[in-house]
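**Q**
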Amino acid sequence: MNDDMKLVEIDCLCGARDFSVVYERPYPRVLTDVDFNATTDRFDAYGRIVRCRACGHVYTNPRPEPGLIEQGYAESEDPEYGQEAPSRAINAHLCLATIRGVVSSGRLLEVGCAAGYFLNAARTDFEVFGVEPSRWAAAEASRRFGVKVHAGTLAEAAFPDAHFDVAAMVDVIEHLADPAAVLAECRRVLRPGGLLYLVTPDIGSLSAKVLRGSWWGLRPAHLHYFSRKTLSAFLEKNGFETRLCRSYGRMFTLDYWSSRLKNYPALVRAFVEKSIGMLRVRDKFVYINTRDSIEVVARKA
Ligand SMILES: [Zn+2]
265 MNDDMKLVEI
275 DCLCGARDFS
285 VVYERPYPRV
295 LTDVDFNATT
305 DRFDAYGRIV
315 RCRACGHVYT
325 NPRPEPGLIE
335 QGYAESEDPE
345 YGQEAPSRAI
355 NAHLCLATIR
365 GVVSSGRLLE
375 VGCAAGYFLN
385 AARTDFEVFG
395 VEPSRWAAAE
405 ASRRFGVKVH
415 AGTLAEAAFP
425 DAHFDVAAMV
435 DVIEHLADPA
445 AVLAECRRVL
455 RPGGLLYLVT
465 PDIGSLSAKV
475 LRGSWWGLRP
485 AHLHYFSRKT
495 LSAFLEKNGF
505 ETRLCRSYGR
515 MFTLDYWSSR
525 LKNYPALVRA
535 FVEKSIGMLR
545 VRDKFVYINT
555 RDSIEVVARK
565 A
């Protein structure tokens, strides 16, 4: 344990403080802005991950103090994020295809919009707004796509009540220190019957169970690990009715996929790299549904 980093014990989302330790890899250093980048390859240490004995939710406990986390996101700069721009655009369209199945126009808010790829894709149908804690990413989104992004938190953006038709959080809820507070704010700014769209890693998935402590979803910046069951229950408790909950796949180039594998056990890595080499399509897009993320559409109840 690094003595310079203050860690705080926290209660489960359900309020209980009775847990068992699931995985533990102590932080070897003070976490910095690099650990909070989307493209970080620092998977090596994610602290102590526990499972609540009362409700089954899995979360990081103890966790770095809130000030350090907030500062980490605010200062995070991630120039590598743009290198997979075409893949990110395609992933955005996959998410939007699901959203359009339920609502096809209106105002769309993305919480944690990073450099704005999803917002840019959504502009064809929606009037879009973003919120992003990283000052660098918020500026990138404005510069690159000219979209309106508030640099800071959702609460600070102070949107009017019932302003949005859709609120989206793609790979965001697992990073939030207080996801209930953010859901409450999403609920406030959504119109009655408005739509919440979420994507998050699935701790209940087969690959999470097989890869255990080496699963890609376990990362220093992740504070909450939902399964389909715990996420649906959490949404319901916070005033959202789950309409769709399914496994989610991601589109990346094979080079990106293989680079993401560098912290995986050698056997898994060798298998994937061999498959990639055999296919001889390193620069092609491949839709790989590893079935270890959850895609959820919920309605404001
Ligand atoms: Zn609990």
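Using my numbering, read the sequence shown as starting at 265 and increasing by one per residue.
Just so you know, even glycine gets a beta-carbon here, dropped at the ideal spot from N, CA and C.
All values reported here derive from a predicted model rather than from experimental measurement.
Within the same chain, show all residues whose beta-carbon is closer than 7 Å to that of E396, passing over the 5 residues directly before and after it, in chain order.
**A** Around E396: G376, C377, A378, A402, A405, V413, A415.
**Q** Is the CB-CB distance between V322 and L459 below 8 Å?
**A** Contact flag unset, no.
**Q** Is it right to say E438 is buried, meaning 16 or more other beta carbons lie within 10 angstroms of its own, or is it exposed?
**A** Flag for E438 reads buried.
**Q** Compute every distance between the C-beta of L277 and the non-hydrogen atoms of ligand 1, then say whether any falls below 7 Å.
**A** Yes - ligand 1 has a heavy atom lying nearer than 7 Å to the Cβ of L277.
**Q** Are V453 and F428 close, meaning C-beta to C-beta below 8 Å?
**A** Contact flag set, yes.
**Q** Flag this pair as touching only if the region 283–299 and the region 323–340 have three or more C-beta atom pairs under 8 Å; answer yes or no.
**A** In short, these stretches touch, since the Cβ pair count reaches three.
**Q** Assign D556 to one of three DSSP states: helix, strand, or coil.
**A** In the structure shown, D556 sits in a strand (DSSP, three-state: E or B).
**Q** Does the structure place the region 308–319 close enough to the region 351–366 that three or more beta carbon pairs sit under 8 Å?
**A** With the cut-off at 8 Å, the region 351–366 and the region 308–319 do not touch.
**Q** Report the CB separation of L372 from V430 in whole angstroms; it is logged as a contact under 8 Å.
**A** About 4 Å; that satisfies the 8 Å criterion.
**Q** Grab the span of the beta strand (DSSP E) containing K473 for me, first residue to last.
**A** Careful: K473 lies outside any beta strand (DSSP E), inside the alpha helix (DSSP H) at 470–475.
**Q** So E374 and A432 are supposed to be a Cβ contact under 8 Å. How far apart are they, rounded?
**A** About 5 Å; that satisfies the 8 Å criterion.
**Q** How far does the beta strand (DSSP E) with Y287 in it reach, from first residue to last?
**A** Residues 283–289.
**Q** Reducing DSSP to helix, strand and coil, say where G380 ends up.
**A** Here G380 sits in coil by DSSP.
**Q** Which residue's Cα is closest to the Cα of T464: D389, P443, E449?
**A** Ranking the options by Cα distance to T464, first place goes to P443.
**Q** When you compare only the Cα positions, how much space is there between D389 and L383?
**A** Whole-angstrom Cα-Cα distance: 10 Å.
**Q** Mind checking which residues open and close the alpha helix (DSSP H) that includes Y337?
**A** Y337 -> alpha helix (DSSP H) spans 330–339.
**Q** Is A280 near ligand 1, going by C-beta to nearest heavy atom under 7 Å?
**A** It does: the Cβ of A280 is within 7 Å (strictly closer) of some heavy atom of ligand 1.
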